[in-house]
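Each residue of the sequence shown is one higher than the one before, starting from 8 at the first, in our numbering. Have a look at the structure below before the remarks.
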Amino acid sequence: KDPQEIPQAWVLYKEVQRYYDHGMRVPDDITIIFCDDNWQNIRRVPPGNELNRKGGYGFYFHLDYVGLPRNYKWLNTVQLPKIWEQLNIAYSYGIHQIWILNVGDIKPLEIPIEYFFHMAWNPRLQLLQDSMEYLKLWATREFGTNFASDIAKITAQYFKFNSRRKPELLDPTTYSVINFNEADQVLNEWQSIQQKAEHIYRQLPEQYQDAYYQLVLYPVCASANLNQLYITVAKNHLYARQGRQTANYLANLASEFFEYDSKLTDLYHRLGNGKWKHIMKQTHIGYTGWQQPPTNIMPKVQLISPPPCASPAVSVQGSENLWTNSLTPAILPNIDFLYDQQRYIDIINRGTMPFQFHVTINSPWLHLSQTNGWVTNEVRLWVNVDWPLAPTGIGTSSIVISPSFGSPVNVLVSTFKPETTKPITIAGFYEYAPPSGFISIEATNYSKNVSPHFIKWKEIPDFGHTGSGMTPLPLTTNSFTPAVDSPHLEYLFYSFSTGKVSTVLYIAPTLNFLPNKPLRIGVSLDNHSPHIITILPEHYEALDSNTDWQETVKNNYRKIISHHTINHPGEHKLLIWMVDP
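Here you go:
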């Protein structure tokens, strides 16, 4: 048979792409299949002058993977908007012949697999650009109309939360139990959708319950439980270092979460008279390297032996230190009126004998949730500010905690209330911490979207760790020059100080997929000249030997940093310029 009549393909997987990049070519009738980096990031698209090959081009995409930096095989960790974004790149640049999906275990990946098929059948279907509407239609088909909208939201959120850090990559250090209540916020998000998912399960007709458990309830509950396990272990480690009696309670609680994982799996395997028995036996707890452990492994916890006496100490939010006297004051994170944060102080008993305490405050604008009482294990005091009474500018206050046994501890509290009475633009979350601080703004919270040409920054709904993402579309266009003709986004913010600042952009872990062309972006403040940033070096390779690539895909983002100067207090604008599509 004529070889040209036999379908053939050359798959440029991992290091094989080097041959193509160095000029190796195959006969025109053989389909060239480009690949992602095994972590949903396309590595290369075909040159524009070679699109008319008889064999055309294909794309190989992963929902499941075995290899560095870590296997991911348990549950879905890929957002539907991410699938759309990557397949849209492939289709826009002429990859039309073959699309291949690495599906792993089909059962836990039913939804993204079906979405991939719909995208392959009609890549320009408008519905696919709105993943929430797509999921709503899916939920209606599977479970009826009554709860379709809520099921769609729960499913999208579970995809988003698991995409931040794949479950196999989680450990007790993933989310901070010290800074910004990060770990507790993560738990609150998981617990919120778990409660909603459980409520719907109880209301669903019996005919839908098995499928709902498999497709929605199990992945939500099991993922929430896994995060609860690791964060509880993280708190156990911290509290053990601090000598808190609560460390022992958390050690036992962590063991319960570990056991609950097995109970959830066992229930899955019993549904439908064991129809899907063993399908969820994939190990996912206790990874220490890229390969899966043979069985789930309980994370190590720490136990303490408290002394048989009262042993007072004070801990404050944002620090893992303890204070037992006033030689050095404890310092709470600053409280500012823009976000009106609530801060906390923990009074800890590291011994077994209870003690009393009382608190004195030297400022009328500070209020505590409790000013005296008994401490058996620990007591948390919440600190609030009465802003009408607070001084303008920076205010400093002192809280003195006096235990009945031991020395008093002094806690310093700084507040900030601006002198201006003008309305202040709040585009994001502000944290004022003189002499340095930060402003965090969601990508979609722009004040202007400027498009001098047909190309425009457009929202990808629900894309990324939080909120949604922005990307310039259409993709197949020329590069632009910032501050001359480039589409750009403007973000207003207010600064109370001057000096050097850094901007940090969180972008998807994109690769240099355009042949012989970098990916660049521009950043500027106010009317200053834009900084043109090349996102990746010219010969950057997404291979196992590249530790930067490994860290980027673990985090599922890349940080782009530039440095600027704020010359005056007041309103300013941050501009993000499209350079390359």
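Just so you know, even glycine gets a beta-carbon here, dropped at the ideal spot from N, CA and C.
Beta strand (DSSP E) segment containing residue i, residue limits
| i | result |
| --- | --- |
| I568 | R565 to I573 |
| L194 | It is not in any beta strand (DSSP E) - L194 instead sits in the alpha helix (DSSP H) that spans E189 to Q210. |
| W381 | N379 to V382 |
| F445 | F445 to S447 |
| I539 | H538 to T541 |
| K455 | K455 to V457 |
| H374 | L373 to L375 |
Cβ pair residue i, residue j closer than 8 Å
| i | j | result |
| --- | --- | --- |
| D36 | G65 | no |
| K160 | T84 | no |
| V323 | N356 | no |
| W81 | Q289 | yes |
| K109 | F68 | As written in the sequence, residue 109 is Asn, which differs from the Lys given in the question. Yes; because the gap between Cβ atoms is below 8 Å, this pair is in contact. |
| L271 | A229 | yes |
| S318 | G358 | yes |
| K89 | F520 | no |
| L482 | P588 | yes |
| N529 | W464 | Strictly speaking, residue 529 in this sequence is Gly, with Asn absent from that position. The answer is no: Cβ separation not under 8 Å. |
| E117 | L222 | yes |
| A490 | P537 | yes |
| I6 | I462 | Residue 6 lies beyond the stretch modelled for the chain, which goes from 8 to 588, so this question has no answer here. |
| Y237 | D178 | yes |
| S333 | V416 | yes |
| V457 | I352 | no |
| V604 | Q198 | Residue coverage of the chain in this structure runs from 8 to 588, which leaves residue 604 outside it and unanswerable. |
| L373 | L388 | no |
| P119 | L176 | no |
| Y501 | E548 | no |
| S493 | V586 | yes |
| S468 | D137 | Strictly speaking, residue 468 in this sequence is Pro, with Ser absent from that position. In contact: P468 and D137 (Cβ atoms closer than 8 Å). |
| W91 | M139 | no |
| Q93 | D43 | yes |
Bridge partner(s) assigned by DSSP for residue i
| i | result |
| --- | --- |
| P410 | F364 |
| H579 | F500 |
| Y275 | None, per the DSSP bridge assignment. |
| T38 | A16 |
| M31 | DSSP, once it has assigned bridges, lists no residue as partnering M31. |
| F68 | L108 |
| M585 | I528 |
| T403 | S421 |
| E466 | M477 |
| I352 | V323 and L388 |
| I292 | Bridge partners of I292: none, in fact. |
| S509 | H570 |
| D343 | F423 |
| I338 | L419 |
Rounded Cβ spacing between residue i and residue j (contact assumed at less than 8 Å)
| i | j | result |
| --- | --- | --- |
| L310 | A258 | 6 Å |
| I49 | L543 | Not confirmed; about 13 Å, so no contact. |
| R350 | V390 | 4 Å |
| P516 | Y564 | 6 Å |
| A241 | V184 | 5 Å |
| E426 | G402 | Rounded, the Cβ-Cβ distance is 12 Å, inconsistent with contact. |
Burial state of residue i (16 or more Cβ within 10 Å)
| i | result |
| --- | --- |
| N369 | exposed |
| Y294 | buried |
| M31 | exposed |
| S531 | buried |
| Y219 | buried |
| E545 | exposed |
| T239 | buried |
| D268 | buried |
| G476 | buried |
| A423 | The sequence shown places Phe at residue 423, rather than the Ala named in the question. The residue in question, F423, is buried, as its Cβ has 16 or more Cβ neighbours within 10 Å. |
| N255 | buried |
| H575 | exposed |
| F364 | buried |
| T572 | exposed |
| R171 | buried |
| H29 | exposed |
| N186 | exposed |
| S454 | exposed |
First through last residue of the alpha helix (DSSP H) which encompasses residue i
| i | result |
| --- | --- |
| I158 | A155 to R171 |
| K89 | L87 to S99 |
| M126 | E117 to W128 |
| N562 | T554 to N562 |
| M139 | S138 to F150 |
| H244 | Y225 to Q249 |
| D217 | E213 to Y219 |
beta-carbon residue i near the ligand NAP non-hydrogen atom, thresh 7 Å
| i | result |
| --- | --- |
| S409 | Questions concerning the ligand NAP fall outside what the structure shown contains, since it holds no ligand whatsoever. |
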